[in-house]
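Novice:
Take a look at the structure:
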């Protein structure tokens, strides 16, 4: 019995270790299907507690392998010592691993019989991902659906969102397990599996939105300012000069976009002549100029913002801040602990809801800053826009897998909403993404560059833009109910 338990944990760890390879930059998306099928197989062969333990080990391998770059951000760029950075990374991985563990425990309790478990498990795993997306402000990085951005299942994104793609993936994994365990009752599962794949291929040919107006010519400025230099006063003037130099000759575009915190200072701390010269150059060329920089309101609150320097003006203030990076939750209670860990703190405020869209010529754009593109509900708030802007400073991640993962997250948002995205970053990956989530142009990382290209504004709403995650959440609940109903017909629950 003990040997079987150890074998189950080992197989769960091996399956979890496959998951990071399904995401960018590797993009081996079939491995996610095999990994989840392996997880469901070992979880099905034990009690509810054993299923939870195997789910937890799976999660440790999954998130430990996929989010190792958290250590890089904390240690190399966040002023932490190695021990503190290791502790923070391990704590995050241990927390995230709880979600598959709880999901499989619930699925095993609902479905004591194998068939009932395989019905309930996609539902409980889907609900666990939904919970992960908002609990403690949410951290849905490496959600299963992101691994399928380039697979046939990715075509479900405009219909049901990334969560729906993830549900289709786990359902397909459950069907594979059923096929391997029930050879005499194979045909229903085969038909459903084929329907999922064929449905994805059929949906991939559909356009849910329509072109609106002339293409927008964009110039995305990638300054490649090293993170150690960015906030160093000794390099401040050099940073300003670099972005001004890179932008020279680019104002024949419709819009020039600088990345997050391209100017690492408040507007009041920058010589007014600098902005005047930029504004005049942009106006002569007929371009809108958008600059990522911190701003301050009349009450002394600071914002991580995207400022429109020309045309009608305007400012987008980041709404979904990074906990412990841009603000500190429960600061009074946990401040001493953070001081011990040397966690770098910021004091940004949250931009309010309902911020106006940015007008660029004849089109309107909705902006997002860095981390908040991870949250579909944040981007849905700008569904009336013709195209999307995302600015980011991924220098925090170094030369890790994180920038590639971040780009695929942006691609999923484009696919969900049927909107192209102009993505300007400090060190990469700067890219232009079309309304189907395809990268049409991309700058080389860790180089000073200006990415030029066109995107086509879109009108109309995808089903996901209309209804959000409600349909897929209801589908998950329905699977749990059906699995529980089937489970009650069995011999009873195993504890």
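Numbering (full-length UniProt numbering), first residue to last: 1 to 495.
We put the CB at the ideal spot given by N, CA and C, even for glycine.
Just so you know, these numbers come straight off a predicted model, no measurement behind them.
#1: When DSSP labels each residue in this structure, what does residue 194 get in the three-state scheme?
#2: Report yes or no: do the region 378–388 and the region 400–419 share at least 3 C-beta pairs separated by less than 8 Å?
#3: Buried or exposed: which applies to residue 241, given that a residue is buried once 16 or more other Cβ atoms fall within 10 Å of its Cβ?
#4: I'd like the ranges of any alpha helix (DSSP H) spanning at least 4 consecutive residues and lying wholly in the region 367–445.
#5: Can you check DSSP and say which residues form a bridge with residue 323?
#6: In whole angstroms, what separates the C-alpha of residue 5 from that of residue 209?
#7: Since residue 120 contacts residue 352 with CB under 8 Å, what's their CB separation in whole angstroms?
#8: Quick one: give me the first and last residue of the alpha helix (DSSP H) that residue 33 is part of.
#9: Spell out the partners DSSP gives residue 216 in its beta bridges.
#10: Have a look at residue 488 and residue 112 and give me their C-alpha separation to the nearest angstrom.
#11: List in chain order: all unbroken alpha helix (DSSP H) runs of 4+ residues lying wholly within the region 250–306.
#12: What is the DSSP secondary structure of residue 113, reduced to helix, strand or coil?
#13: First and last residue of the alpha helix (DSSP H) that includes residue 76?
#14: Measure the C-alpha to C-alpha separation of residue 34 and residue 372 and round it to an integer number of angstroms.
#15: Quick check: is any heavy atom of the ligand SAH less than 7 Å from the C-beta of residue 459?
#16: In terms of alpha-carbon separation, which member of 264, 268, 279, 239 lies closest to residue 256?
#17: Buried or exposed for residue 369, going by 16 or more other Cβ atoms inside 10 Å?
#18: Using DSSP's beta-bridge definition, name the partner residues of residue 133.
#19: Could you check how far apart the C-beta atoms of residue 163 and residue 469 are, in whole angstroms? I think they sit under 8 Å.
#20: Out of 408, 243, 53, which has the shortest C-alpha to C-alpha gap to residue 144?
#21: How is the alpha helix (DSSP H) around residue 14 delimited, first residue to last?
#22: Within 10 angstroms of its Cβ, does residue 261 collect 16 or more other Cβ (buried), or is it exposed?
#23: Please list the terminal residues of the continuous alpha helix (DSSP H) segment that includes residue 56.
#24: Give the straight-line distance between the Cα atoms of residue 350 and residue 194, rounded to the nearest whole angstrom.
Specialist: Taking the coordinates as given:
#1: As a first step, residue 194 is located in the chain shown; it is residue number 194 there, counting from the start. Looking at residue 194 - three-state DSSP - the assignment turns out to be helix.
#2: yes
#3: In the chain shown, counting from the first residue as 1, residue 241 sits at position 241. Exposed, by the Cβ-count rule.
#4: 376–380, 402–417
#5: Translated into positions along the chain shown, residue 323 becomes position 323. According to DSSP, residue 323 bridges with 327.
#6: Translated into the one-based positions of the chain shown, residue 5 becomes position 5. Translated into the one-based positions of the chain shown, residue 209 becomes position 209. Cα to Cα, the separation comes out at about 51 Å.
#7: Against the chain shown, residue 120 aligns to sequence position 120. Against the chain shown, residue 352 aligns to sequence position 352. Wrong, their Cβ atoms sit about 40 Å apart, outside the cutoff.
#8: For this step, residue 33 is matched to residue 33 along the chain shown. From DSSP, the alpha helix (DSSP H) with residue 33 extends over 30–44.
#9: Residue 216 sits at position 216 when you count from the first residue of the chain shown. Paired residue(s): 455.
#10: One-based indexing of the chain shown puts residue 488 at position 488. One-based indexing of the chain shown puts residue 112 at position 112. One C-alpha to the other measures close to 8 Å.
#11: 272–285
#12: Working through the chain shown from its first residue, we reach residue 113 at position 113. It is coil, neither helix nor strand.
#13: Start at 1 with the first residue of the chain shown, and residue 76 comes out as number 76. First-last for residue 76: undefined, no H or E at that position.
#14: In the chain shown, the residue the question calls residue 34 occupies position 34. In the chain shown, the residue the question calls residue 372 occupies position 372. Approximately 30 Å, taken between the alpha carbons.
#15: As presented, the structure is devoid of all ligands, the ligand SAH included, so that no description of it is given.
#16: Position 256 of the chain shown holds residue 256. Looking at the Cα atoms, 279 is the closest of the given residues.
#17: Residue numbering aside, residue 369 sits at position 369 when the chain shown is read from its first letter. By the 10 Å Cβ count, residue 369 comes out buried.
#18: For this step, residue 133 is matched to residue 133 along the chain shown. DSSP output for residue 133 lists no bridge partner at all.
#19: Residue mapping note: residue 163 aligns to position 163 of the chain shown, counting from 1. Residue mapping note: residue 469 aligns to position 469 of the chain shown, counting from 1. The pair is a contact, with the Cβ atoms about 5 Å apart (cut-off 8 Å).
#20: For the purposes of this step, residue 144 is identified with residue 144 of the chain shown, where counting begins at 1. Checked all of 408, 243, 53; the closest Cα to residue 144 is 408.
#21: Within the chain shown, numbered from 1, the residue matching residue 14 stands at position 14. Counting along the chain, the alpha helix (DSSP H) containing residue 14 begins and ends at 2–18.
#22: Here residue 261 is taken as the residue at index 261 of the chain shown, counted from 1. Looking at its Cβ environment, which holds 16 or more other Cβ atoms inside 10 Å, residue 261 is buried.
#23: By one-based count along the chain shown, residue 56 stands at place 56. Taken as a continuous stretch (DSSP letters only), the alpha helix (DSSP H) holding residue 56 covers 48–66.
#24: Residue mapping note: residue 350 aligns to position 350 of the chain shown, counting from 1. Residue mapping note: residue 194 aligns to position 194 of the chain shown, counting from 1. Their backbone Cα atoms lie some 45 Å apart in a straight line.
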